[in-house]
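Each remark here refers to the structure printed beneath this line.
Numbering (full-length UniProt numbering), first residue to last: 1 to 1036.
Here is the structure:
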């Protein structure tokens, strides 16, 4: 949280302790001029300074980058990681070309001759680049695998189960081609210093089980069957241009078999549960469970070269039901189906390394159809990727030697990792919901045992036993590398865990956390600009690389990481109460993110929670106060903002005391663009944030305007209305109404009992303490009585009350205001498209004040036609910052608008320049939302006492009269939903966008009582007022 103004006197230059920040009244500490000149700041060329940092920090930080970096056609998405990856690829390409020249010109007697390892790297890359040789070989290099498949099919025909299983195990070891399931090795969850064999569900050609059953993926399933048929055809006839009828029928058989396997597979959510996937047992016990349909003993012995009992020891079956299904499917399959299935998985595994026809067919489905990639990568990039897969650490050793400054970077990275660790440790000591000393003690112990690996492994992989010769075809080299990797893994089965092993090569632009090792790993290649720059200000490096380190470190306590203790053992070290408090906070985030939508698909937050939460939490952690406050100072320095002034051209620029003083422009959060296919895939995957939503979470740390996302804590769960509202919000209906009409109605948002309770409380206070005041406008305009309530009076007493009780009316009102905020945030995502800027959305903020209004029957109280926000015809500026109006009615549920009056009559905009009106009944519990700038409305005379809560949501980005800016603090509302912005148009002379829905016929009035959506009629018109702005509603 931002510190209070009372603390401003403490902000000084982090370097020399000069207290100039206090003297100038700046909220955050900044460098003095002398210190400022010594370090390189962040470049502002990527920033969009036309956007307020406190409303959309991601767009502010990266807007120009997004404009300048469209997604390249050979990538499904584009971000800073891929930018750096591309730069590293160029370096690696130059390195390999030098190595090629060196290996071709040097002799064995030369001092400059290639080492054996360098020769293998050069030979592999050269074979991968030799497209002519690959085309000439066609499908012949895959023949040995197909021969093994033929033998396996014959064994199946003969009923030789052991031979069938042995041949499948042989192919897994010799060629790296697996059928039906997969095997691997990793530390034992119960004893992490010992590694065991892992047997996992597998055997599918689509990414996971959902692709076989999700109705939304029907098109992908059909395209998949076509791809299977065509690639099976190419395996027989490499010159074919379409699939044969035989292969089309074969594809159906393959799909049906895989569909049967998929039925037993865990969902992705289930498959990431460390308890559900930990089923350790002996091989004998496994065989008894799996049944006699498949000889697992023969398979495991052939695939590992170890005896099933003594050699393998205990093994872990990640999904018992899936392995039982394998036995059933294999035994029941006819020989033809088994042959087609195995041939398909062979060609799928080998296609990228074969002739162009198979490469293209594989790309068309797995990258173009599934990921949205438009073009295949150049040959050299694919060849480089293949070389990294086969000889990653050999290539990494060469990369580090040529390009990496180990001495300066390693020392700094270790230092910042320790500072972030200290900040997290301090946070663990302070969290108030963790009550038990035992839980806190174990958490701190886990933090103290935290390991960091950096730059490159202390022990490199020895490739001496990998056979690569110039006489081998490219595919033969690939298969040899696969076998080498499998043999390396086999050494670890039923053996001590190799704690020096890395799971990433040094040239990888990434990092990871290993829960079973309780360590984070940072390869050399990520320690470069823009993630790290040794010449940059430390504040820059803390805000960028520090955030990466903090993200990975926080995996220690994400929803999965928290289940492992300091030694990496899967054990429950939480007390029951503390675990419940943790899960309570998790569920708020899960429920929140499950409502995010992109392209009609919702986030699966149980999958993405461990990634989504960390980007926000990290900035909280690294801004926490450590014992010496160092991380805090650097983050304040990084996030400091001068007074944001708005120039005449609309550009928000930072002021500075002198031309040489810079301000820290903010961290480079993950700049990213994503295709529709990729965004949909990310919603289902573990890597969630491809388009920067976590970046805006940093807004809480900005001092220019105190903001915080709405639902990032469990505070609302305790609200009386939470259960009846949160689970029942008709999101799609309300969103569609807002998008097409600018007006949405939800009847019975809260129960009749709660309506009566809140209404009684407010009216009782009104009678006792003159709660309401006259609005000050002439009775011909409005005759209601109102009370504006601010956050500051929420916990104050009524004047003259004589006791210390909290103002009950204020407390009830703010329950209602919180409810309105929650619904608006859920439905809109806290953003809407700015009518004044095409393709740029605006953040919604909740101001400090809300309004309670009473319309008394004795005066037939009313309110004449008006807009909540009008645009000046003289200068085009808006009257105020109101953008969205939300109302909750607290009236009897039997309200009859025809007899009781008090209806809210709204003019709904339509395609033509006329209007139709709609009368909304103010029944108790009815919730109304509408665009403050577009919906002209009035309140009809009330013949029954009428009570309503109103909350306006504002956008500081709206070009409005600053004299009417909302007073007091305001906070951003956000559901952090994932979607692309929707275009709009703002010029008053333009016609309405064709995507408008016309709702009513001219002059027709509809009464909406909250029981459903308003009726529609495609023939309506609207009379356009001078204050109206024409645009497509951008609510989502």
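Each residue gets a CB set at the ideal place from its N, CA and C atoms; glycine is no exception. Remember, predicted model here, so these are calculated numbers, not experimental data.
- Message: Does the region 192-205 come into contact with the region 252-262, if we say contact requires no fewer than three beta-carbon pairs (one atom in each stretch) closer than 8 Å?
- Response: yes
- For the beta strand (DSSP E) that residue 887 lies in, which residues bound it at each end? 882-889
- Counting Cβ pairs, one atom from each stretch, are 3 or more of them under 8 Å apart for the region 467-475 and the region 527-541? no
- Pick from 59, 514 and 844 that is closest to residue 555, judged by C-alpha positions: 514
- Cβ shell of residue 497 (< 7 Å), same chain only, five flanking positions each side left out: Here the set comprises 187, 192, 193, 194 and 195.
- Residues that residue 744 bridges to, as DSSP identifies them: 929
- Got a sec? Which residues, its chain only, sit under 8 Å from residue 922 by beta carbon, not counting five neighbours each side? Shown here for residue 922: same chain residues with a beta carbon closer than 8 Å to its own, the five before and five after excluded, namely 889, 891, 895, 897, 902, 903, 904, 946 and 948 in chain order.
- Message: By DSSP's criteria, residue 522 is part of a beta bridge. Which residues make up the other side?
- Response: DSSP, once it has assigned bridges, lists 454 as partnering residue 522.
- Message: Just to confirm before moving on: does the CB-CB distance between residue 509 and residue 61 stay below 9 Å?
- Response: Contact: no.
- Buried versus exposed call for residue 758 [16 or more other C-beta atoms within 10 Å across all chains shown]: So residue 758 counts as buried.
- For residue 1041, which option in 518, 873, 130 and 819 has the closest C-alpha, if you only look at C-alpha atoms? Outside the modelled stretch of the chain, which goes from 1 to 1036, sits residue 1041, for which no answer is possible.
- Message: If I follow the unbroken alpha helix (DSSP H) through residue 341, where does it start and stop?
- Response: 335-350
- Measure the beta-carbon distance from residue 815 to residue 719 and round it to whole angstroms, keeping in mind my assumption that it falls under 8 Å. 7 Å
- Among all the DSSP beta bridges, which residues are the ones paired with residue 855? 946.
- Task: Report yes if the CB atom of residue 319 is closer than 9 Å to the CB atom of residue 275, and no otherwise.
- Result: no
- Environment of residue 1109 [buried if 16+ CB atoms lie within 10 Å]: Nothing about residue 1109 can be reported from this structure: the residues present for the chain run from 1 to 1036 only.
- Task: Measure the C-alpha to C-alpha separation of residue 753 and residue 788 and round it to an integer number of angstroms.
- Result: 25 Å
- Message: For a test of the three-state rule: what should DSSP assign to residue 537, helix, strand or coil?
- Response: coil
- Item | Neighbour-count burial assignment, residue 471, 16 or more Cβ in a 10 Å radius | exposed
- Task: Pull up the distance between the alpha-carbon of residue 151 and that of residue 252, whole angstroms please.
- Result: 23 Å
- Message: Check for me: the beta strand (DSSP E) holding residue 316 runs from which residue to which?
- Response: For residue 316, the enclosing beta strand (DSSP E) starts and ends at 315-317.
- Beta-ladder partner(s) of residue 866, from DSSP: 937
- Nearest neighbour of residue 372, chosen from 59, 76, 476 and 925 [CA to CA]: Per the Cα distances, 76.
- Item | Neighbourhood of residue 303 by C-beta distance below 7 Å, restricted to the same chain and skipping five residues each side | 169, 172, 173 and 183
- Message: Taking its Cβ as the centre, do 16 or more other Cβ atoms sit within 10 Å of residue 73, making it buried, or is it exposed?
- Response: exposed
- Message: Quick check on this structure: which residue in 120, 441, 286 and 343 has the alpha carbon closest to the alpha carbon of residue 198?
- Response: 286
- On a CA-only basis, which of 908, 81, 934 and 142 is nearest residue 507? Give me that one, please. 81
- Message: Let me check one thing: in DSSP terms, what residues is residue 495 bridge-paired to?
- Response: 195
- Neighbourhood of residue 402 by C-beta, 7 Å cutoff - its chain only, sequence neighbours within 5 removed: Cβ contact annotation for residue 402 (same chain, cutoff 7 Å, sequence separation greater than five): 95, in chain order.
- C-beta contact flag for residue 750 and residue 721 at 9 Å: Less than 9 Å separates the beta-carbon of residue 750 from that of residue 721.
- Task: Counting only the same chain and skipping the five closest in sequence on each side, list residues whose C-beta sits under 6 Å from that of residue 737.
- Result: The beta carbon of residue 737 sits closer than 6 Å to those of 744, all from its chain and outside the five residues before and after it, given in chain order.
- Query: Terminal residues of the continuous alpha helix (DSSP H) containing residue 260?
  - Reply: Counting along the chain, the alpha helix (DSSP H) containing residue 260 begins and ends at 245-262.
- Task: Mind checking which residues open and close the beta strand (DSSP E) that includes residue 187?
- Result: From DSSP, the beta strand (DSSP E) with residue 187 extends over 181-188.
- Query: Are residue 862 and residue 940 close, meaning C-beta to C-beta below 9 Å?
  - Reply: yes
- Query: Thinking just about the alpha-carbon of each residue, which of 116, 732, 91 and 92 is nearest to the one in residue 103?
  - Reply: 116
- Task: Output the boundary residues of the beta strand (DSSP E) element that contains residue 790.
- Result: 785-790
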